[in-house]
Amino acid sequence: MPKITTTKPLRISIDRGGTFTDCICQVVDGPDIVAKILSVDPKNYADAPTEAIRRVLEQYYGSPIPRGTELDLRDVEWIRMGTTVATNALLERKGEKTALLITEGFKDVLQIGTQSRPHMFDLTIRRPIPLYSKTFEIRERVTVQNCSDSDLRNIHLTSPEPVDSVIAASGEIIQVLQPLDTASTKVQLQSIYKEGFRSLAVCLMHSYSFPKHELEIRDMALEIGFENVSLSHEISSRPKLVPRGNSTVIDAYLTPSIKQYLEKFSRSFPNIGNSRTRLEFMQSDGGLVPSSSLSGLRSILSGPAGGVIGFSRTCFDTETRAPVIGFDMGGTSTDVSRYDGELDHIFETITAGITIHAPQLNVNTIAAGGGSILTWRNGLMSVGPESASSNPGPACYRKGGPLTVTDANLALGRLIPEEFPSVFGVNEDEPLDRDIVLTKFQELTQVINKETGMSLTWAEVADGFLQVANSAMCGPIRSLTLEKGHDVAKHQLASFGGAGGQHACAIASDLGIKRVLIHKYSSILSAYGIGLAEVVHEEERVCAKAFEGSAIDVINDSLDSLVDYARCSKTMESFSNIRAYRFLNMRWRYNGSETSIMIPWESPDSDAKQAFVKAHHQQFGFTPVNRVVYVDTIRVRVIGCSVSPEDSSYLQVKSPSISTSATAGATPSSRVSTRFSSIGWVNTPIYHLNTLSEGTEIEGPAMIIDKTQTVVVSPDSKATITRDLLILDIDQPAPKSTSSETIDPIQLSIFRHRFMGVAEQMGRVLQNVSTSANIKERLDFTCAIFTPEGELVANAPHVPAMIGSMAFAVKSQITEWRGKLQDGDVLLSNTPGGILPGSMPPTSKLLSEEGAIFNSHLLVRAGHFDEDELHRVLCVEPARFPGSSGSRRYQDNVTDLKAQVAANHCGTRLMQRLIEEYSLPTVQVYMRAIQEAAELAVRTLLKRLAHERRGEDISAVDYMDDGTPIKLKVTINPTDGSAIFDFTGTGPEVYGNWNAPIAICNSAVIFALRCMVDSDIPLNHGCIKPVQIIVPNGSLLCPDSEAAVCAGNVLTSQRIVDVIFKSFRVCAASQGCMNNLTFGNDGENGFGYYETIAGGSGGGPSWAGTDGVHTNMTNTRITDPESLERRYPVILRRFSFRSGSGGAGIYPGGDGVIRDIELRLPMSVSILSERRSFAPYGMAGGEDGQRGKNTWITKAGRCINVGGKNSIRVQRGDRFVIETPGGGGYGAPEDGVSRKRDESVVMPAFIPVANGSVAANRTLAEQV
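Everything in the sequence shown is counted per the numbering used here, starting at 4 for the first residue and increasing by one.
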């Protein structure tokens, strides 16, 4: 080790990514030192961060430091790192062997999760693999005394009698129904220890408010010898058992790996414990913590968080305060985020299908990057989501890879091969290969031209793929801004990452953004941002109080105590200057709402309620009337201030200003032929960034290159060089000229994204502005756009059953109102109300018993919302029928309808913008063309099926529980791919409510065909065009207009899909039911609750069924166990798999579930269910799944089978138990042994990407 001759402090920041490790060493009064090395290079070094530190120290001291030498850090003030250790442990499944301890009755609840399937049209239903190896149930039980999280909070609940009652710190009264059985728990812990477990995840019901039992378990576990015990109340103080449990398991699984890595890393620095060097790690929330405080859960997304800190501290103009969008485009994906002066945190997120509770920056990952694969499918260009990754990589890497976005950029001259090192090919010693790229594009162009009859050049095809990629990336950016109520065009775009500079101008232009900012360290901005981050410590506690009266003083005192506690944390020990920030997590309290906003509350003098009202209106567009503001949790974030004033002023971003006299010309180093969409091929000048002086302005087209990135300056842009930033100012492009006579496959692929974007943004507005939990939280709606003829063009993938019914409704309105409508008119067709809460009465026989009846109502005339007339049709008219009531939540209905009006207005505005961009004839032509693309895919499917089933009868029959047959015969024309779906032979209309209107049958056919296509095609009217559906009038599937139909949508629709799959022998039957449960009361304290319950899915020719999941025509989420008990007067006694209910087979059916609910008040309980008489069928020799069962257990112990469809009046202490059907098995069991799902082959790896609010909303859209 060289002799140290200086005392200047060094500050080292490292971002260890999946491919590269970036390191920047800031030298006080000296130039920065940068290192970029491979994250994995075992031939040269064992640990990339250690090697990066060695290299920067070697360069700083100016003398060699041999590898393996112990590194002296006496001149290093701190090392800050974002690491993928936790990420890799998840990806490679190399975390600690973990056992889950959970309240008795809930051993399967984390696997059931929300009960929704990850992808609506994927019949194999692949869920993430559980991280825990084994589950153990603990004998203990607590619940809340009152419904503290709903309008029923004033109802005093006395059943069941508790053993003890405790007032929790949150103010909630906790009833201890079963104290912790310490004797049996200790025996279990000893048994678990003997099995080799050393890490435990403990998650008990309501422990967020009553942690006593979890703490007792930890004491016992540590005494036995367990090395790591993660308690759910310490991981997250928020209610919701499932996300808190998932978070606890992740922490228990990863934290031991983190600790092992830190011990190994520290061995390279012998004096780190005695030196003044601080070792700090980046968390997903954008804050640093000492190495001793780092947890696995908090470090999963540290790299993307570093990028957010980087662009927020370097690209945000503190004078104009223009908001900035972060655009981090890498090899496999692109991260987008937003900064407006405050970091945007989210606290519940869905990461790779798992809902977790953990603070993280709102970073959203798009599956489109430099390595995204380019494909031509079903007449459309697609970019991603599949990636070539680094091996084999893009085609130009010389390893036989596919065409990717990188290849398109290379082919079009937007990447310069000579600027890349010769590290490609099998021996990693060759340059990028442009020739193979051109050959592949020429081959693909021939295929496209043959299928479309076009005469495109390979360059037009390559450029088209880039346009499609840009369009795909623009959608989530629009959503990210829209969901917060902001205009994307008023933002600036901060571009970073290896591929960002090649696309930034095009992305900004498409979004209407006028300025792009690229920092000098943009290619290592995550590492640079980690160096600019602050050490933080957070504490959060449940509050559960109304923000009014004396409670405000109590909340303030609680926050002060929490601040004091956070200041004394181990994280803050080395700081004398600590800043504290206080927050209230607030929401309006109305039925079932979970939508809250985090509001800063500096002191009691500041008006937190007014700030919340303003923020709520900005984000959601409305302010509820006569609603209490409720504080869910209080949160404190303390920051250790280690940056001196002079350093702080250096880091503070100033508004870039360039004087005209300072600008200077520049001489290009060379030129290259580059293709731009707007002007074609151009001999483009190339500039090297390090040769350009501050103040230089460069008009596009041009290319600016440095060691790690290429920036493409588009023809409509101007680049300006500042000290730290490259600024690109963009002129708005002229309207696009696209022919309305010829279908361009490039534009068709772009229009697909644009049409879907309109539908999705309409959905976002509806969700934000609505009041009811059914829309806001469960997303029980569909938004769509239609042709002038009423044919579906695009819809956000919400509820399959609505696909057909919307088309019927729209066509009906067109027929009735043609020529009578004005701009701003809105029509309503709906059926709320009925004889029971929820409009799902199990015994209804007539449509009038199910709600208000009106085919068409003019809700808005020329922009005027007629509320008086609405009250008449929703409340007055339905109540005239004997035993019926009008809408029970009229004000919620009004708000929801206004939200739907706002969503339509949003869609209208976006479509008008699209028409201004392309022209009305062009938009309408591509509306029809996108339907034709879907039609082509379905015709291709039907031709294939006709070939596979040649000579075989394609037909099936199945029976409803009352014996009514659903019969189908399919006849396919193998020449043109058309088909007749003939339901002749289906039984007559029933004297009950499971009749299904013809629209339901259409929806079921569309859904089944989309599942069988097995590729990502547009879901629109084109899917049904090749199909003629024959349904006999007066049958179950085409009943009289007065027939009751409420169960047709939720039961019969499921059975229609089963019959279609049976006829084509696609798979065994799934549960064939939605298990619709409602309970509630009328009156002053009336309430209503509705849920659908999962069952088993059917096995298929290459997959086993899945346990406890929704199938076919529904994908609704189920209420979390803790939320259910906090909102409604019930106790959930059990929610688990119904073991053995799936049919045996080579590929067995999935098991159903058991849901056992104890009612704490007298109330009405109703069930609408199927498969209680006829079992879900097996296929190809597989056995049937078990039938479902509904049991009423009185407090006295009587067990009463209530049948599949019934309504009962229960008393306090009664229980209602639903056992849902299992799925059928596929293939005769081999020697009586079923082959369970091979998780290692079938299940995808858990890929931890930054799924922020946009990704969560998109996931929810398929889980409703």
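Glycine residues also receive a C-beta, built at the ideal position from the N, C-alpha and C atoms.
What are the residues that DSSP puts in a beta bridge with residue i?
i, result
"Phe1082", "Tyr1092, Val1168"
"Pro293", "Glu283"
"Phe586", "Pro603, Arg638"
"Leu13", "Val30, Val79"
"Cys206", "Ile105"
"Tyr63", "DSSP output for Tyr63 lists no bridge partner at all."
"Ala497", "Gly329, Leu520"
"Arg864", "His867"
"Lys39", "Asp25"
"Tyr342", "Val327"
Once the 5 residues before and after residue i are set aside, which same chain residues still bring their CB inside 8 Å of it?
i, result
"Asn394", "Lys402"
"Ala475", "Ile369, Ala371, Val386, Gly387, His756"
"Ala982", "Leu945, Val973, Thr974, Ile975, Asn976, Pro1029, Val1030, Gln1031"
"Pro2", "Here the chain covers residues 4 to 1267 and nothing more, so residue 2 does not appear."
"Val761", "Ile788, Ala797, Gly910, Leu913, Met914, Leu917"
"Glu283", "Trp81, Ile82, Arg83, Met84, Leu291, Val292, Pro293, Ser294, Val538"
"Thr694", "Ala669, Ser672"
Does the beta-carbon of residue i have 16 or more other beta-carbons within 10 angstroms, so that it is buried, or is it exposed?
i, result
"Arg916", "exposed"
"Ala523", "The amino acid occupying residue 523 in the given sequence is Lys; Ala does not appear at that position. That one is buried."
"His1340", "As displayed, the chain neither begins before 4 nor continues past 1267, which places residue 1340 out of reach and without an answer."
"Arg544", "buried"
"Asp567", "exposed"
"Val491", "buried"
"Tyr63", "buried"
"Glu852", "Residue confidence for Glu852 is low, a pLDDT of 47 falling below 50, so the modelled location carries little weight; the figure read from the coordinates is stated next. Per the 10 Å Cβ criterion, buried."
"Ala1268", "There is no way to answer for residue 1268, as the model of the chain reaches only from 4 to 1267."
"Ala55", "buried"
"His867", "exposed"
"Asp32", "exposed"
"Leu923", "exposed"
Output yes or no for whether 8 Å exceeds the beta carbon distance between residue i and residue j.
i, j, result
"Val245", "Val147", "no"
"Gln764", "Leu485", "yes"
"Lys100", "Glu140", "no"
"Gly1025", "Gln927", "no"
"Gly1146", "Gly1181", "yes"
"Asp347", "Leu364", "yes"
"Ile177", "Asn149", "no"
"Ala462", "Arg678", "yes"
"Leu1054", "Cys1076", "yes"
"Asn1193", "Ile1221", "yes"
"Thr86", "Ser296", "no"
Taking residue i as the reference, which of the options has the closest Cα?
i, options, result
"Gly989", "Gly98, Ile969, Ala797, Glu1128", "It is worth fixing the name first, because residue 989 is Thr in this sequence and not Gly. Comparing Cα-Cα distances from Thr989 to each of Gly98, Ile969, Ala797, Glu1128, the minimum goes to Ile969."
"Ser1105", "Val557, Thr1117, Gly1148, Thr1081", "Gly1148"
"Arg1141", "Asp167, Gln816, Lys137, Pro1224", "Pro1224"
"Gly1098", "Pro434, Met1015, Gln1189, Pro479", "Gln1189"
"Ser696", "Asp727, Asp1187, Lys453", "Asp727"
"Gln1214", "Ala549, Glu542, Leu160, Ala611", "Leu160"
"Asp1110", "Glu95, Ala102, Asp610, Ser119", "Ser119"
"Leu729", "Met759, Thr1122, Gly698", "Gly698"
Can you name, in chain order, every residue of its own chain whose Cβ lies under 7 Å from the Cβ of residue i, other than the five neighbours on each side?
i, result
"Gly310", "Gly329, Asp331, Asp338, Phe499, Leu528, Ser529, Gly532"
"Val1133", "Leu1127, Ile1160, Glu1161, Leu1162, Arg1163"
"Gln712", "Gly501, Gly504, Ser525, Ser526"
"Asp466", "Leu415, Arg678, Ser680"
By Cβ distance, which residues of its chain are closer than 6 Å to residue i, with the 5 residues on each side in sequence left out?
i, result
"Asp734", "Asp719"
"Ile708", "Glu422, His691"
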